[in-house]
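*Asks:* Dropping the structure in here first, questions after.
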Amino acid sequence: MTEGTQIAAVEAVPENGSYLFSVEDAFTNEREAILVPCEDGPGVEAWLNDCPHEAQRLDTGRGAAMRDGEIICPKHGSLFDACEGDCGNGPAAGSSLRPVEVAV
Numbered sequence: 017m018t019e020g021t022q023i024a025a026v027e028a029v030p031e032n033g034s035y036l037f038s039v040e041d042a043f044t045n046e047r048e049a050i051l052v053p054c055e056d057g058p059g060v061e062a063w064l065n066d067c068p069h070e071a072q073r074l075d076t077g078r079g080a081a082m083r084d085g086e087i088i089c090p091k092h093g094s095l096f097d098a099c100e101g102d103c104g105n106g107p108a109a110g111s112s113l114r115p116v117e118v119a120v
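Here's what the structure looks like:
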């Protein structure tokens, strides 16, 4: 069993959106992160809440925009695979979201 803080139940993650939460690194720097639905097990993935291309929050407080299993950057329109974090189009093509380790 993994020890840690419970973020949310898998059922609390919107089907076409995200669940916003905060994380701390080893130096207690707080960052925003998002839980998003993923077709692969365990059913959710977590990413830092920013586009790796340019400073832009993916979830601005109302849930990240999603379509067909991809997270949409509200600034650039780039699409990130919700399960893998990779981007294959737009200004962010070739970049990946930064993962946050979670356990279900």
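By our numbering, the letter at position 93 of the sequence shown is numbered 109, and the numbering carries on one by one without gaps.
Each residue gets a CB set at the ideal place from its N, CA and C atoms; glycine is no exception.
As the structure is a computational prediction, the values presented were derived from the model and not from experiment.
If we call anything under 8 Å between Cβ atoms a contact, is Glu61 one with Val52?
*Replies:* For the purposes of this step, residue 61 is identified with residue 45 of the sequence shown, where counting begins at 1. For the purposes of this step, residue 52 is identified with residue 36 of the sequence shown, where counting begins at 1. A contact, by the Cβ cut-off of 8 Å.
*Asks:* Within this structure, are the beta carbons of Gly20 and Ala119 separated by less than 8 Å?
*Replies:* As a working mapping, residue 20 is identified with position 4 in the sequence shown. As a working mapping, residue 119 is identified with position 103 in the sequence shown. Their beta carbons are under 8 Å apart, which means Gly20 touches Ala119 by this criterion.
*Asks:* To the nearest angstrom, how far is the alpha carbon of Asp102 from that of Gly79?
*Replies:* Translated into the one-based positions of the sequence shown, residue 102 becomes position 86. Translated into the one-based positions of the sequence shown, residue 79 becomes position 63. Computed Cα separation, rounded: 19 Å.
*Asks:* Label Tyr35 either buried or exposed according to how many other C-beta atoms from any shown protein chain fall within 10 Å of its C-beta, with 16 as the threshold for buried.
*Replies:* Working through the sequence shown from its first residue, we reach residue 35 at position 19. The residue is buried, with at least 16 neighbouring Cβ atoms inside 10 Å.
*Asks:* Among Glu86, His92, Phe37, Pro30, whose alpha-carbon lies nearest the alpha-carbon of Gln22?
*Replies:* Translated into the one-based positions of the sequence shown, residue 22 becomes position 6. Closest by alpha carbon: Phe37.
*Asks:* Where does Ala49 fall in DSSP's three states?
*Replies:* Residue mapping note: residue 49 aligns to position 33 of the sequence shown, counting from 1. Residue state, collapsed to three classes: strand.
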